[in-house]
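Peer 1:
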Amino acid sequence: MTSATSMESVFAVPIGERWLVHAPLYHVTLLANRAAVARLARDALEELSLSLSNPDPAPRPPEGDLNPEFLGLVTTRSCNLACRYCGFGAAAAGLGSMDLSLAVAAVDWMASLVSERGRSTLDIHFFGGEPLSAPEVVDVAVHRARARAADLGLCPRFEIATNGVFDENRCQFLGDYFDTVVLSFDGPQEVHDRHRPGKATGSYHAVARTAALLARAPVHLSIRMCVTQETASDMASIARWFCETFQPDSIAFEPLQPTPLSERAGLRPPDPWDFAENCIRASWAASSAGVTPVYAAASIDVLRHSFCPVGRDTAIISPDGRVSACYLLAEEWIRRGMDLDLGTSNAVRGIDLDPEAVEAVRRLSAGHDRCRNCLARWHCAGGCHVNQSYPGCPGAYDDFCIQTRIITACRLLDRLGRREDVEGLLGDPRALERLALHASDRLDMWDEHD
């Protein structure tokens, strides 16, 4: 990486009277006063970039032949719940399940590809709807993958995103064969049943039983909590309740993504300022219980060019044989003017990829204008390509950017052992606003009058 590129990846944001300097490609973060940052920006930035150890290369889209991080199988778009904010299964509940022969063909293709690329892990993720509404597809795919992995000397790895509404036998199956279960669970019964009812009654008791069983199984249990305007202020108490009651391995906090269903139900996304503060406090509550807190866009241990599977060569197979880079319903990205299809598949021909389509999707993740000067650039990478960083999206920071910038800065301060500075920042609305709305964080563009 050139010195110029290195300098473009050194950022500084105001933290009250001081500045947080973050150089993610160098894995360097520090808290400095204004005079030190001014001198660094004016006289010593290039010298600093040359004196530090060799930086990591700036993350870039893959090149060459497709090399998927994992195979995604959308087993069905249907679902056994009637969640009041659904953007997946409810709109397509009448669609059928993936043909078993297609699941086999997809697994065989991925296993061969992984082996040819000299990799060691056959990684398969299951999506929906509710993927276990098509249990036979999951069963066949898992056992086929295990057999092919054994033939080729690979290690199979399975992950599923599920609502948890199934019987104890299915819990045991997940515990026996899966590595990660991402369980949608929004809180105590009153909260969960308001957000995620079944077709005729609440789903809380089934999900709580599943969480308790999986917590005792040899599987990474990640609880995914959807946060609304109504529940944002309770995030820390709900996180403590999850930890005390179920002892999950991690808790992921996700703000509600509005849908027509959520709007009809009167559910609103949380205010980004409220979400950020409460996410930080909920993260502290989880960490103190030995549970890993997750807000995916502020993953400061990760350097990436793309937030999601899009642009990372992931191949996701839908029940109709569509091969795409995204597990969302196609109409969601089509309405943004995007084409995330990579090819087609069927049980006879297998997987047929379009190289031009692969390259077009890779280019989508090459960088977003409003992200170039942000300290979270290489951690957040712009968020969801469909909901946040779609072509023609506004250049100004939106709610997602605001909460992500605050949480990222606070996590960096926490890592420096500066929790008192985080508390001071959260208690100072003007300082918080100055941080969140800071126009350019790049140190080589630093303004002494800022």
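In my numbering, each number is its position in the sequence shown, counted from 1, plus 169.
Heads up, the beta-carbon is just placed ideally off N, CA and C, and yes, glycines get one too.
Please determine if the segment 450-465 and the segment 404-424 are in contact, where contact requires at least 3 C-beta pairs separated by less than 8 Å.
Peer 2: Judged by Cβ distances under 8 Å, the segment 450-465 makes contact with the segment 404-424, as three or more pairs qualify.
Peer 1: Per DSSP, what are the beta-bridge partners of Arg491 in this structure?
Peer 2: The residue given as residue 491 occupies position 322 in the sequence shown. Paired residue(s): Thr513.
Peer 1: Skipping 5 residues on each side, what residues in its chain have a beta carbon closer than 7 Å to that of Ala260?
Peer 2: For the purposes of this step, residue 260 is taken as the residue at position 91 of the sequence shown. Bear in mind that the predicted position of Ala260 carries a pLDDT of just 49, short of 50, making it unreliable; the figure below should be weighed with that in mind. So the list reads Leu498, once near-sequence residues are dropped.
Peer 1: So Glu423 is in the beta strand (DSSP E); what residue range does that whole segment cover?
Peer 2: Taking the first residue of the sequence shown as 1, we reach residue 423 at position 254. Element bounds for Glu423: 419-424.
Peer 1: Count the C-beta pairs between the segment 528-544 and the segment 588-601 that are closer than 8 Å, then say yes if the count reaches three, no if not.
Peer 2: No, because fewer than three Cβ pairs between the segment 528-544 and the segment 588-601 fall closer than 8 Å, the two stretches do not touch.
Peer 1: Please report the distance separating the alpha-carbon of Pro304 from that of Ile392.
Peer 2: Residue 304 sits at position 135 when you count from the first residue of the sequence shown. Residue 392 sits at position 223 when you count from the first residue of the sequence shown. Each residue's alpha carbon lies about 21 Å from the other.
Peer 1: Using three-state DSSP, classify Val396 as helix, strand or coil.
Peer 2: Along the sequence shown, one-based indexing puts residue 396 at 227. Three-state DSSP puts Val396 in a strand.
Peer 1: Comparing alpha-carbon positions, which option in Tyr346, Ala280, Thr573, Trp615 lies nearest Ala605?
Peer 2: On the sequence shown, residue 605 is found 436 positions in, with the first residue counted as 1. Of the listed residues, the one whose Cα sits closest to Ala605 is Thr573.
Peer 1: Hey, how far is the Cα of Ser558 from the Cα of Ala275?
Peer 2: For the purposes of this step, residue 558 is taken as the residue at position 389 of the sequence shown. For the purposes of this step, residue 275 is taken as the residue at position 106 of the sequence shown. Near 29 Å, if we compare the C-alpha coordinates of Ala275 and Ser558.
Peer 1: I'd like to know whether the C-beta atoms of Leu291 and Ala272 end up nearer to each other than 9 Å.
Peer 2: As a working note, residue 291 is residue 122 in the sequence shown. As a working note, residue 272 is residue 103 in the sequence shown. Contact: no.
Peer 1: Please report the straight-line C-alpha distance between Leu269 and Val243, rounded to a whole angstrom.
Peer 2: Residue 269 sits at position 100 when you count from the first residue of the sequence shown. Residue 243 sits at position 74 when you count from the first residue of the sequence shown. So the two alpha carbons sit approximately 12 Å from each other.
Peer 1: Cα-Cα, which of Ala455, Pro228, Leu582 is closest to Leu200?
Peer 2: One-based indexing of the sequence shown puts residue 200 at position 31. Nearest C-alpha to Leu200: Leu582.
Peer 1: Go through its chain and collect everything with a Cβ distance to Cys395's Cβ below 6 Å, but skip five positions before and after it.
Peer 2: Taking the sequence shown and counting its residues from 1, the one referred to as residue 395 is at position 226. Excluding positions up to five away in sequence, the list reads Asp355, Glu423, Leu425.
Peer 1: Does DSSP put Pro183 in a helix, in a strand, or in coil?
Peer 2: Position 14 of the sequence shown, counted from the start, is the residue given in the question as residue 183. Looking at Pro183 - three-state DSSP - the assignment turns out to be strand.
Peer 1: Please determine, among Ser178, Gly185, Glu285, the residue with the shortest C-alpha to C-alpha distance to Gly596.
Peer 2: Locating residue 596 in the sequence shown gives position 427, where the first residue counts as 1. Taking only the C-alpha atoms, the option nearest Gly596 is Gly185.
Peer 1: Using the three-state DSSP reduction, which class does Thr428 fall into: helix, strand or coil?
Peer 2: Locating residue 428 in the sequence shown gives position 259, counting from the first residue. If DSSP states are grouped into helix, strand and coil, Thr428 belongs with coil.
Peer 1: Let's see if you can read the secondary structure: which residues bound the beta strand (DSSP E) around Pro462?
Peer 2: The residue given as residue 462 occupies position 293 in the sequence shown. Unbroken beta strand (DSSP E) run through Pro462: 461-463.
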